[in-house]
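Contents: one structure, followed by commentary.
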Amino acid sequence: MTDVTSMLEAGDLVVDERNLRVKLHQYDRNQIPRWDKEMRRLAIKSNATKLIVYAKKPDVEAWASLGYHQEGKIDGFFNGENAQMLSCFLTEERATSAAPQLADEILQVSLDKASYRQEKSLPDGCVMRPATEADAEALARLYKLVFATYPTPMDDPAYVRKTMLESTHYFVIENGGNIICAASAEVSERFGSAELTDCATHPDHLGKGLLQPLFAALEEKMEQLGIYYLYTLTRAQSAGMNVTAAKQGYQYRGRLINNCSIFSGYEDMNIWVKPLRLTWE
Numbered sequence: 236m237t238d239v240t241s242m243l244e245a246g247d248l249v250v251d252e253r254n255l256r257v258k259l260h261q262y263d264r265n266q267i268p269r270w271d272k273e274m275r276r277l278a279i280k281s282n283a284t285k286l287i288v289y290a291k292k293p294d295v296e297a298w299a300s301l302g303y304h305q306e307g308k309i310d311g312f313f314n315g316e317n318a319q320m321l322s323c324f325l326t327e328e329r330a331t332s333a334a335p336q337l338a339d340e341i342l343q344v345s346l347d348k349a350s351y352r353q354e355k356s357l358p359d360g361c362v363m364r365p366a367t368e369a370d371a372e373a374l375a376r377l378y379k380l381v382f383a384t385y386p387t388p389m390d391d392p393a394y395v396r397k398t399m400l401e402s403t404h405y406f407v408i409e410n411g412g413n414i415i416c417a418a419s420a421e422v423s424e425r426f427g428s429a430e431l432t433d434c435a436t437h438p439d440h441l442g443k444g445l446l447q448p449l450f451a452a453l454e455e456k457m458e459q460l461g462i463y464y465l466y467t468l469t470r471a472q473s474a475g476m477n478v479t480a481a482k483q484g485y486q487y488r489g490r491l492i493n494n495c496s497i498f499s500g501y502e503d504m505n506i507w508v509k510p511l512r513l514t515w516e
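Here our numbering is used: the first residue of the sequence shown is 236, the next is one more, and so on.
Rendered as structure tokens:
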């Protein structure tokens, strides 16, 4: 490739202005210095302070020489091949975790509870089902109630509908006709993997283990669709989702520092993975 335009056409570069980051999923490994240069240019233009590369293992050393370091990996992200999660922080503030000791304590508690996995049944009066476009308004209200800030505009019903049309599958739990818990699987069809995300429980129904049956339903749905590589990113300084992931058989694979704006501001996110098939490096 001879210029930046053709280089970009061969890759997958995302400027995420909402979370002040630039992400790269695919690239020509023979042009890594030029990719880095372009990411930094876009970061300056958009005021981004974190660069993220989903790298292949043979390329880690080349990216490291440019100032990137590995924060974790996602097993099977690229159709069974692992994605090495590399980051470059452009400010010291973005690179500094707010509460690393608390995050480590929560991780250890979660790992200790992994062996206590048991199938969770729904409480009396609750019904679980796939969500439809007709649920967009109710889902948006739930996300707005639960999260003061969120990495994507999930409080907008139009955005929720858009995601449903773009290979994101939602399951919800209702009580008395009201949606009290929701989660989704955001499928990347070209990569053959899915992120379990958009988990929200109404404050009046916390502590009932509602997300565990939702995860199980989403996993079954993904297997039906032939998506065998699953992962979820959880708020490192909040116990609930980390415990849920561990109990559901997900394995810890690293921590993304100040990865996105969620709940109250920038937060560290733990990587948890659950391959339903074997992966390779």
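Cβ atoms here follow ideal geometry from the backbone N, Cα and C, with glycine treated the same way.
Here the structure is a predicted model, which means the values were calculated and not measured.
Distance CB(residue i)-CB(residue j) smaller than 9 Å
i	j	result
Arg512	Gly311	yes
Leu374	Val407	yes
Gln459	Glu354	no
Tyr464	Ile309	yes
Ile492	Ser322	yes
Val395	Ala371	yes
Leu449	Met504	no
Ala481	Ala338	no
Thr384	Phe498	yes
Thr403	Ala417	no
Asn477	His440	no
Ala429	Met457	yes
Neighbour-count burial assignment, residue i, 16 or more Cβ in a 10 Å radius
i	result
Ala334	exposed
Gly412	exposed
Pro358	exposed
Pro438	exposed
Gln319	buried
Tyr501	buried
Tyr351	exposed
Gly307	buried
Thr479	buried
Thr240	Confidence at Thr240 is low in this model, with a pLDDT of 45, below 50, so its placement is unreliable and the value that follows should be read with caution. Counting Cβ neighbours within 10 Å, Thr240 comes out exposed, since fewer than 16 surround it.
Leu431	buried
Ala245	Here Ala245 scores only 43 on pLDDT, less than 50, and its place in the model is too uncertain to base an answer on.
Glu252	exposed
Ser496	buried
Leu400	exposed
Ser345	buried
Supposed close pair residue i, residue j - CB separation, criterion 8 Å
i	j	result
Tyr466	Trp507	6 Å
Asp271	Leu301	5 Å
Asn314	Phe426	6 Å
Asn265	Lys292	Actually they are not in contact, since the Cβ atoms of Asn265 and Lys292 sit about 16 Å apart, beyond 8 Å.
Tyr405	Pro365	7 Å
Ile267	Ala297	5 Å
Contained alpha helix (DSSP H) runs [length at least 4] in the stretch 393-471, N- to C-terminal order: Counting whole runs of 4 or more residues, the stretch 393-471 contains the alpha helix (DSSP H) stretches 446-459.
Three CB pairs or more closer than 8 Å across the stretch 375-383 and the stretch 462-473: By the Cβ test, the stretch 375-383 is not in contact with the stretch 462-473, since fewer than three Cβ pairs between them sit closer than 8 Å.
Ranges of the alpha helix (DSSP H) found wholly within the stretch 357-392, counting only runs of at least 4: Fully enclosed alpha helix (DSSP H) runs of 4 or longer: 371-381.
The stretch 282-297 in contact with the stretch 250-257 per 3-pair CB rule at 8 Å: The count of Cβ pairs closer than 8 Å, one atom from the stretch 282-297 and one from the stretch 250-257, reaches three, so the stretches are in contact.
Entirely enclosed alpha helix (DSSP H) segments - the stretch 241-300, minimum 4 residues: Taking 4 residues as the minimum length, the alpha helix (DSSP H) runs contained wholly in the stretch 241-300 are 267-281 and 295-299, in order along the chain.
Length-filtered (3 minimum) beta strand (DSSP E) runs lying within the stretch 464-514: As for any beta strand (DSSP E) of minimum length 3 sitting wholly inside the stretch 464-514, the runs are 464-470, 486-497 and 500-510, ordered along the chain.
Beta strand (DSSP E) segments (min. 3 residues) lying fully within the stretch 315-354: For the stretch 315-354, whole beta strand (DSSP E) runs of length 3 or above, ordered along the chain, are 316-324.
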